[in-house]
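Colleague: Sharing a structure below in structure tokens format, with a few things to ask.
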Amino acid sequence: MKPEIRALVTYRLEQADEALEAAHILIEHGQYRSAVNRAYYAMFYSVLSLLVVSDSQTSKHSGAISLFDRDFVKTGTFDKAFSRWLHEAFELRQESDYQELVGVSGAQAQDVLEHARLFVAA
């Protein structure tokens, strides 16, 4: 792997770890919508690191998710559960960030965080 690719992968995975820690702290403080945002971004940064390695690029979240499904889930590299977790986190983040009067429960935030931890660790 080229040094610049390795550096970018390391950077993205550090972003993922920071986002996981932020999500944990936000849950402790009852900030569930923000916690879902950070947990989703932990998954997203992990996907971006995979796409760098596979030399795939996209400028949109939906594109990154589609490439992850195509290149890593359909090939069997990742179980379908990872795709489901990513899609669920993306949808909940979209709703809670952009729609009005959408609440996120502590249980929902905790579930997304747990899935994000498994996702980043994989």
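Under this note's numbering, the sequence shown has 392 at position 86, and the numbering climbs by one with no breaks. All C-beta atoms, glycine included, are put in the ideal place defined by N, C-alpha and C. These numbers come from a predicted model, not from an experiment.
Would you please state the rounded distance, in angstroms, between the beta carbons of residue 398 and residue 414? I believe it to be under 8 Å.
Modeller: The pair is a contact, with the Cβ atoms about 7 Å apart (cut-off 8 Å).
Colleague: Let's test the definition: count the other Cβ atoms within 10 Å of the Cβ of residue 340 and tell me whether it reaches 16, buried, or not, exposed.
Modeller: Buried, because 16 or more other Cβ atoms sit within 10 Å of the Cβ of residue 340.
Colleague: Please state whether DSSP places residue 429 in a helix, a strand or coil.
Modeller: Nothing about residue 429 can be read from this structure; the chain reaches only from 307 to 428.
Colleague: Does residue 418 have its Cβ less than 7 Å from a Cβ in chain B?
Modeller: Protein chains in the displayed structure number just one, and chain B is not present.
Colleague: Please classify residue 316: does DSSP put it in a helix, a strand, or coil?
Modeller: Residue state, collapsed to three classes: helix.
Colleague: Quick check on the DSSP output: the alpha helix (DSSP H) that includes residue 369 runs from which residue to which?
Modeller: Looking at the DSSP string, the run of the alpha helix (DSSP H) that includes residue 369 is 367–374.
Colleague: Can you tell me whether residue 379 is helix, strand or coil according to DSSP?
Modeller: Of the three classes helix, strand and coil, the one that applies to residue 379 here is helix, per DSSP.
Colleague: Based on Cα-Cα distance, which residue from 309, 356, 381 lies nearest to residue 426?
Modeller: Measuring from the Cα of residue 426, the nearest candidate turns out to be 356.
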